[in-house]
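Chains as they are written, first to last, in the numbering used here: chain A, 15 to 445; chain B, 15 to 445.
We put the beta carbon where it would ideally sit given N, CA and C, even for glycine.
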């Protein structure tokens, strides 16, 4: 079953081609492609494939030919820049039957750039400004190498530098506006629900009837991450584009989004790109409450998540990470008897940790966590992956036990997701 | 210009093929490919290309055909899992002329997994255990979908789940050992130095003469990450494979590694895959010392890094995250006057935080951090990205100020790397 969400339309397809050995040897992770895919999709261009080749003439020729055979538009990144743009530019010139010429305007921009940073223009920059005649140049205000736009047999091939902020600048200011003008397409709209607390297959069961009843021009995608699943509805306008097509499609998606949310209100924590820690922060701000954490096995990871949100200081004064028995007693007031009798990974201990954190951190609500992250340290009745967590406001203390897996980092991350969601639901009175 | 470090040899080439709309629509960044490229290269297999297709039958068929035409080995990831493995498995069965059968052993493993977490096996799991006959199955201890190994026309096609830790498990325990047995090649050896504290270009300047003098069969690759750079030497045996070729190559690389390390002894913190937090943990264990952290802008991230290391409890009792002025005073004894006079982001404050942490956490050595993570909150004399840190053992307190950038998460991560390295050098008496 394809993930619902792919759009099968007669629209323009894009193939993303990255040039460069640094991608093939795993030296860098390609984050450009994901950014470009999202930016293109939001404008109704569908990335139908991606590929990477090394920076040799043969690699680039094979890459471009394969890309042109499989999509209407090819966007290449990489292979441009002072130390390596020779091969890419010459290969492009050859493929598009073009000569190479010195381009004064580009050279002037490069010279101005070096003047601004108080340096002389290096001699190699004359080569940077020597470009294929047949290319329409896309001025790059963020760097030296301009983007290039070629056309052949009704297909468009665009070459961009691989430096992320140069690529993003050129995509936003040059490529996307030109593509939209060159290929006016159908309106496309998206709505995303962010959920936590259930796995993909359990959600699928609960929304099966909704999913089956979706009209063909609206697709649903499941986008899972640790402890969370995003549900994204994508609608594509069908038929002739009427004047108010975008608005009508938008309204239709809003209705479907509400319908979907009504099926799983207990799971939805936010919309679009919102994170669980942002959703929690919003609730704390709205309720005027302070939250703190008392962490053992997560070792500060939950506090880290909370403080990735700008402005978290408004509702988060701090955390105590108590890895040892002694710190649990000293900083959180956990009774030595409790630790001896029930162990550090127990309902009794997390309960006392949560209550102690209210006092130590002077907060309204606390999250306490103690577990066995692994890979070692499990016992028959408390296997690796056992995690106890508690949320308390002093009046009510809710506890939960989870059994995760054997992978230390994954256990820490899953615990983080579950703990934030538990606090969120506690504050909303859902638990 | 191809980057140094890539190996151009007549060896087996690998094409990485990712299946899944989630990559094409840019919902997830493909980190698997970089990991796989590195792991394969370490065993002497060269990734010659990468591509991504959507999870439709047509996409998968075109993707596999293109991949098989361009390399000896194809490794696919993604397109397996409870809601979407149908098409991938059926398409593979079709391409390799295979039927589909229920596989009891796989089903039993899935059932055992659900039993362990105290849940009933969902009915959909019978489909998960229905697999192509012609596939050699690669048992997946980390998840439900097994890996599959197909052969046709002397080429190998391997299909793996896309979940990173499942893929990594299967690559390490099944795929790489089988590939090495199936395609014994030229001896290849690697030595990696892990460094912290200097950027790529400054390191390059210091080791320029060494790099220029390397023989052609030994390459040096720079593998940078936030605040750190790994330097990897890769040697490939040239000519006929003699009986002791691997040992001789190994000895040659050991010599080069020592030569390189002698040029930058102040930067090297470890070897191969060792992390800074592991290196720090080893030193603490060896010196029998306890370490704690007092964190403001990093919000627990440094403690999280330290506790990603299994067994960290032997030297790490805990942390206090003091985001507010009040907590800095209450939990760490920072004088209110110091905060008022110098501000939370100051040498005076981190110094008091470090000393307070020694006492509060009962540790031998402490790390204290306070900074402006951003994106807001900067002032003309303390711009966003300003971070003060201190390391103290009560006798000596060393402080340092850094100016990072405007990106909140990047600032937190860079601070983590610098702080761990500072503590490491402090413990070794290097600062």
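**Message:** So residue 237/B and residue 424/B are supposed to be a Cβ contact under 8 Å. How far apart are they, rounded?
**Reply:** Wrong, their Cβ atoms sit about 18 Å apart, outside the cutoff.
**residue 71/A versus residue 101/A: straight-line alpha-carbon distance, rounded** = Looking at the two C-alpha atoms, the distance is approximately 6 Å.
**Asked** Is any beta-carbon of chain A found at less than 8 Å from that of residue 23/B?
**Response** In this prediction, residue 23/B has a pLDDT of 45, which is less than 50 and means its spatial position is unreliable; what the coordinates show is noted afterwards. The Cβ of residue 23/B sits no closer than 8 Å to any Cβ of chain A.
**Message:** Counting only Cβ-Cβ distances shorter than 9 Å, please list the residues of the segment 79-93 of chain A near chain B, keeping chain order.
**Reply:** So the list reads 80 and 84, given in the order they occur along the chain.
**Asked** What residues from chain A crowd round residue 49/B, counting only those whose CB sits closer than 8 Å?
**Response** Here the neighbours are 40.
**Request:** Using a Cβ-Cβ cut-off of less than 8 Å, list which residues of the segment 320-338 of chain B approach chain A; keep chain order.
**Result:** The segment 320-338 of chain B vs chain A, Cβ under 8 Å: 320, 321, 322, 324, 325, 326, 327, 330, 331, 332, 333, 334, 335, 336, 337 and 338.
**Prompt:** Is the beta carbon of residue 200/B less than 8 Å from the beta carbon of residue 58/B?
**Reply:** Here residue 200/B is near residue 58/B, since their CB atoms are less than 8 Å apart.
**Asked** How many angstroms separate the CA atom of residue 326/B from the CA atom of residue 319/B?
**Response** Going by the C-alpha atoms only, they are around 10 Å apart.
**Prompt:** With a CB to CB cut of under 8 Å and the five nearest residues on each side skipped, what residues in its chain are close to residue 343/B?
**Reply:** If the five residues before and after residue 343/B are omitted, its C-beta is found closer than 8 Å to the C-beta atoms of 349, 350 and 353, all from its own chain and listed in chain order.
**Per-residue DSSP class, three states only, for residue 442/B** = Taken through DSSP and simplified to helix, strand or coil, residue 442/B comes out as coil.
**Request:** Check the C-beta distance from residue 422/B over to residue 322/A and give it rounded, since I have them as a contact under 8 Å.
**Result:** That belief holds up - the Cβ atoms of residue 422/B and residue 322/A are roughly 7 Å apart, short of 8 Å.
**Message:** Along the chain, where does the beta strand (DSSP E) containing residue 59/A start, and where does it finish?
**Reply:** In the DSSP assignment, residue 59/A falls outside any beta strand (DSSP E) and carries neither an H nor an E.
**Request:** Using the DSSP secondary-structure output, state which residues sit across from residue 285/B in a beta bridge.
**Result:** Partner(s): 207/B.
**Item:** Exposure of residue 205/B, with buried meaning 16 or more beta-carbon neighbours within 10 Å
**Value:** It counts as buried.
**Request:** Output, in chain order, the set of chain B residues within a Cβ distance shorter than 7 Å of residue 318/A.
**Result:** Within chain B, the residues near residue 318/A are 313, 314, 315 and 318.
**Message:** So that I know if they touch, is there some Cβ in chain A lying closer than 8 Å to that of residue 12/B?
**Reply:** Residue 12/B is absent from the model: chain B starts at 15 and stops at 445.
**Asked** Which class does residue 169/A belong to by DSSP, given the choice of helix, strand or coil?
**Response** Strand.
**Message:** I'd like to check one pair, residue 289/B with residue 309/B: are the Cβ atoms closer than 8 Å?
**Reply:** No.
**Request:** From the DSSP output, in three-state form, read off residue 145/B for me.
**Result:** Residue 145/B falls in the strand class under three-state DSSP.
**Request:** Note down the Cα distance separating residue 30/B from residue 286/B, rounded to an integer number of angstroms.
**Result:** Those two C-alpha atoms are separated by around 24 Å.
**Request:** Check whether the Cβ atoms of residue 174/B and residue 89/B sit closer than 8 Å, and answer yes or no.
**Result:** Contact flag set, yes.
**Item:** First and last residue of the uninterrupted alpha helix (DSSP H) at residue 274/A
**Value:** Element bounds for residue 274/A: 259-277.
**Request:** Kindly list the residues whose CB is nearer than 6 Å to the CB of residue 428/B, restricted to its own chain and excluding five residues on each side of it in sequence; keep chain order.
**Result:** In its chain, beyond the 5 residues on either side, 240, 241 and 418 have a beta carbon closer than 6 Å to the beta carbon of residue 428/B.
**Message:** Once the 5 residues before and after residue 437/B are set aside, which same chain residues still bring their CB inside 8 Å of it?
**Reply:** Hits under 8 Å: 294, 305, 379, 381 and 405.
**Request:** Could you please give the first and the last residue of the uninterrupted alpha helix (DSSP H) stretch that includes residue 29/B?
**Result:** Counting along the chain, residue 29/B falls outside any alpha helix (DSSP H), though it belongs to the beta strand (DSSP E) covering 27-33.
**Asked** What's the gap between the Cα of residue 137/A and the Cα of residue 124/A?
**Response** As the crow flies, the alpha-carbon of residue 137/A is around 11 Å from that of residue 124/A.
**Request:** Scan the segment 55-79 of chain A for residues whose Cβ lies nearer than 9 Å to a Cβ of chain B and list them as they occur along the chain.
**Result:** Within the segment 55-79 of chain A, the qualifying residues are 55, 60, 61, 62, 63, 64, 65, 66, 67, 68, 69, 70, 73, 76 and 77.
**Asked** residue 8/B by DSSP, collapsed to three states: which one?
**Response** Within the shown structure, residues of chain B are numbered from 15 to 445, placing residue 8/B beyond reach of any answer.
**Message:** On the CB-based measure, 16 or more other CB atoms within 10 Å of its CB, does residue 330/A come out buried or exposed?
**Reply:** Residue 330/A sits buried, since 16 or more C-beta atoms from the chains shown fall within 10 Å of its C-beta.
**Message:** Suppose only complete runs of 3+ residues qualify. What are the beta strand (DSSP E) ranges in the segment 357-413 of chain A, listed by chain order?
**Reply:** Runs of the beta strand (DSSP E) inside the segment 357-413 of chain A: 379-385 and 400-406.
**Minimum C-alpha distance to residue 298/A - residue among 442/A, 277/A and 346/A** = Residue 298/A has its Cα closest to that of 442/A, out of 442/A, 277/A and 346/A.
**Asked** Can we count residue 231/B as close to the ligand MG, meaning its CB is less than 7 Å from some heavy atom?
**Response** For the ligand MG, the structure offers nothing, since it holds no ligand at all.
**Request:** Pull up the CB-CB distance for residue 383/A and residue 336/A, whole angstroms please, since I reckon it's below 8 Å.
**Result:** In this structure residue 383/A does not touch residue 336/A by the C-beta definition: roughly 10 Å separates them, more than the 8 Å allowed.
**Contact set between the segment 339-356 of chain B and chain A, restricted to residues whose Cβ is under 8 Å from the partner** = Correct list: 340, 341, 344 and 345.
**Prompt:** Cα separation between residue 373/B and residue 362/A?
**Reply:** The straight-line gap from Cα to Cα measures roughly 28 Å.
**Item:** For residue 191/A, the first and last residue of its enclosing alpha helix (DSSP H)
**Value:** Start and end: 190-196.
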